[in-house]
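So, in structure tokens, the structure goes:
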């Protein structure tokens, strides 16, 4: 058992993550061709607009559909289906917590691939200042609130039905993920009404920003993702946890350096034990980069399955894979 | 990064506003023609629909105009209804007022959710007479015709159950839809005229699905049998590839139908499809009873009144004559004329209102704009090399 644990602690995390992400991407984007159907309550962007290949549907799509029902229905018997839908989503979510973002989400995987391309081309990446970081971190909560309120407003007759699923209309996943199965039909502007025109144009504009932004900034879109905000709000009972032992931390900053989401607390905060922050994608690169034994740990149902060790750190450093140094 | 965002987001919004203004200015009227493949919204610029637009050479604008005397019988004379014309089941009452204004889709025609007492949704249908999907009036039963109405419930008997006829003075049929699936209604009318028995079967298929419903149940409903074995004649619409419970036919699509008699294919049946605007196309069924039509585009409102969820009605009429003899109400006949109708809906094609050129243009501009902005921002922050010399003598 100890040998197995040592092997896991010394794992080449980046390589493991690359192959797992690739497998998950293939499953979720092409699994539909093999009749795989994981339902429509998945806690990441397996896009429902990828009608041919999807192996499941992102929960945000049915959620917005359900919330846009006329109020007498929504607050009547149909409200039960909203609750049951959320229950299924929650059951999926608690297994991996925000690991869904770091290991499974196809849109996150695409951003990691664009980052790898940028690295190969030798372009340097951008970082936010702490002030910018704090401001940007709020946007996802704003989008989450709008994503709930606008469909409710549609159900109440305040907004046009053309706004339908407002977040999906502006989500780059709607355009990019179907593209992988040869469906380019979402790369259009809808001229049928002013609302549709503005929303689809906004969607295409954001898709352009996504592609350019992901090239210069790691996990660019994840800062604005309302699914990430929803995850964090319900993350308390999740089984997968990121733990920190502040007594063992020397605040060397390696964890912050490798963090794609630039979460400074991972290095600075030595008091909080549950160190997963709202922007965290639980990629566990911080654990792999930490040289202090036991300072950072990944637990599943209170059982530690991966923790920082000196041997693991040295092995990964010697391989020279993935532990990016800051570029100044 | 946010400084960059502050600079190019207003510019992007200005670009979108320009696009909106252009769309308003240029896309005033939709294109009149149909042929020539997908048409993008940008193609509408500066064109007006021509009054004499002909969707396809072989289509005839006949249904909405006066019926020729020799076609009076063929178009439903002797169907047992006083209003005359073919009998069909519609989920909308006859249109009043301006003909070009159809009903907005997205809702469920003739459907009241929750029923009268908060129960299952109720569906209301009207029996109409005449081949004009928009203006055909209500049909009224004649005394010497026999009428039989059947409802085939998705979870009920495959041979259906009798549906109560509408009360005197009412023209609508109403039924509850407690389960998910397709409900089929058949109104069979028999009337003797001389030595000919006219048998008319008006059929419609109504789907009842909810977005939050059981997906397995929905899949079963899509693949469930849809044929009434003992129907004298009926038309079955063939499902499109990958058709789901919420799929809709749109103009430009090919749609095939099968004509069946007692569950068996009826070859050489004369089949007509009447579009919402009254264009008619006639074909003959093949050995499998199959006939295929392209649903034409005949929705040309002023662009500011265009509704992408507009539900246009189509009507399919199939006719077969047979030398059969027998007795109807103790009266002998030597010939039977069968007529089946099936009504359905279709929507405008997405190609009518979606533009790839604009979509890719906006996306590309966003990429270029943000790419250039990042490049300039980085260049501005580069500090030129400055050699520092120390004066050792100082």
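Chains as they are written, first to last, in our numbering: chain A, 1 to 328; chain B, 329 to 722.
We put the CB at the ideal spot given by N, CA and C, even for glycine.
Listed by chain order, chain B residues near residue i by CB distance under 7 Å
i	result
residue 192 of chain A	634, 636, 681
residue 211 of chain A	695
residue 147 of chain A	Simply none; closest approach about 17 Å.
Cross-chain neighbours of residue i in chain A, by beta carbon under 7 Å
i	result
residue 686 of chain B	189
Start-to-end residues for the beta strand (DSSP E) that takes in residue i
i	result
residue 600 of chain B	598-602
residue 669 of chain B	663-674
residue 450 of chain B	450-457
residue 179 of chain A	Per DSSP, residue 179 of chain A belongs to no beta strand (DSSP E); it is in the alpha helix (DSSP H), 172-179.
residue 611 of chain B	607-612
residue 244 of chain A	240-244
residue 520 of chain B	509-521
residue 648 of chain B	638-650
Simplified DSSP assignment, three categories, for residue i
i	result
residue 528 of chain B	strand
residue 71 of chain A	helix
residue 349 of chain B	Residue placement at residue 349 of chain B is poorly supported in this model, since its pLDDT is 44, which falls under 50; the coordinates still yield a value, given next. Helix at residue 349 of chain B.
residue 587 of chain B	strand
residue 104 of chain A	helix
residue 481 of chain B	coil
residue 301 of chain A	coil
residue 535 of chain B	strand
residue 19 of chain A	helix
residue 469 of chain B	strand
residue 183 of chain A	coil
residue 561 of chain B	coil
residue 317 of chain A	helix
residue 659 of chain B	strand
residue 339 of chain A	Past the boundaries of the shown model lies residue 339 of chain A; chain A is included only from 1 to 328, so the question cannot be answered.
residue 416 of chain B	strand
residue 502 of chain B	strand
residue 475 of chain B	strand
residue 363 of chain B	Residue placement at residue 363 of chain B cannot be trusted, given a pLDDT of 32 that sits under 50; what the coordinates show is reported in the next sentence. Coil.
residue 270 of chain A	coil
Under 8 Å from the C-beta of residue i: neighbouring residues of chain A
i	result
residue 698 of chain B	208, 209, 212, 213
residue 702 of chain B	126, 212, 216
Rounded distance between the beta-carbons of residue j and residue i, thought under 8 Å
i	j	result
residue 259 of chain A	residue 225 of chain A	The pair is not a contact, with the Cβ atoms about 16 Å apart (cut-off 8 Å).
residue 554 of chain B	residue 510 of chain B	7 Å
residue 249 of chain A	residue 270 of chain A	5 Å
residue 126 of chain A	residue 279 of chain A	Actually they do not touch by this definition, with Cβ atoms about 16 Å apart.
residue 147 of chain A	residue 60 of chain A	7 Å
residue 588 of chain B	residue 564 of chain B	6 Å
residue 295 of chain A	residue 244 of chain A	7 Å
residue 96 of chain A	residue 104 of chain A	7 Å
residue 560 of chain B	residue 517 of chain B	Contact doesn't hold; Cβ gap of about 10 Å is too wide.
residue 28 of chain A	residue 48 of chain A	So it is not a contact: roughly 11 Å between Cβ atoms.
residue 649 of chain B	residue 673 of chain B	Going by Cβ atoms, the distance from residue 649 of chain B to residue 673 of chain B rounds to 30 Å, so no, they are not a contact pair.
Terminal residues of the alpha helix (DSSP H) in which residue i lies
i	result
residue 151 of chain A	130-155
residue 89 of chain A	78-96
residue 622 of chain B	No alpha helix (DSSP H) contains residue 622 of chain B, which is instead part of the beta strand (DSSP E) from 618-622.
residue 706 of chain B	684-709
residue 294 of chain A	Neither: residue 294 of chain A is in no alpha helix (DSSP H) and is coded neither H nor E.
residue 212 of chain A	194-216
residue 549 of chain B	543-551
residue 595 of chain B	Residue 595 of chain B -> no alpha helix (DSSP H), and no H or E assigned at all.
residue 162 of chain A	Segment: none, residue 162 of chain A is in no alpha helix (DSSP H) and carries neither H nor E.
residue 342 of chain A	Absent from the model: residue 342 of chain A. The displayed extent of chain A is 1 to 328, so no value can be given.
residue 247 of chain A	Neither: residue 247 of chain A is in no alpha helix (DSSP H) and is coded neither H nor E.
Interface partners of residue i on chain B, CB under 9 Å
i	result
residue 24 of chain A	The contacting residues do not exist; residue 24 of chain A stays about 22 Å from chain B at best.
residue 79 of chain A	Near residue 79 of chain A there are no residues of chain B at all, since even the closest Cβ is about 10 Å away, more than 9 Å.
residue 32 of chain A	Those do not exist, as residue 32 of chain A stays about 11 Å from chain B at its closest Cβ, beyond 9 Å.
residue 56 of chain A	Correct list: empty, because the minimum Cβ distance to chain B is about 11 Å.
residue 179 of chain A	Within 9 Å Cβ-Cβ: nothing; residue 179 of chain A doesn't reach chain B, min ~11 Å.
Interface residues of chain B facing residue i [CB-CB closer than 8 Å]
i	result
residue 261 of chain A	Per Cβ cutoff of 8 Å: no residues; residue 261 of chain A is ~14 Å from chain B at best.
residue 164 of chain A	Near residue 164 of chain A there are no residues of chain B at all, since even the closest Cβ is about 10 Å away, more than 8 Å.
Check: residue i C-beta below 8 Å from any heavy atom of the ligand GDP
i	result
residue 20 of chain A	Ligands are entirely absent from the displayed structure, and the ligand GDP is therefore not among its contents.
Point to revise | Interface residues of the segment 259-284 of chain A facing chain B [CB-CB below 9 Å] | key: Close to chain B, meaning a Cβ-Cβ distance shorter than 9 Å, is no residue of the segment 259-284 of chain A at all.
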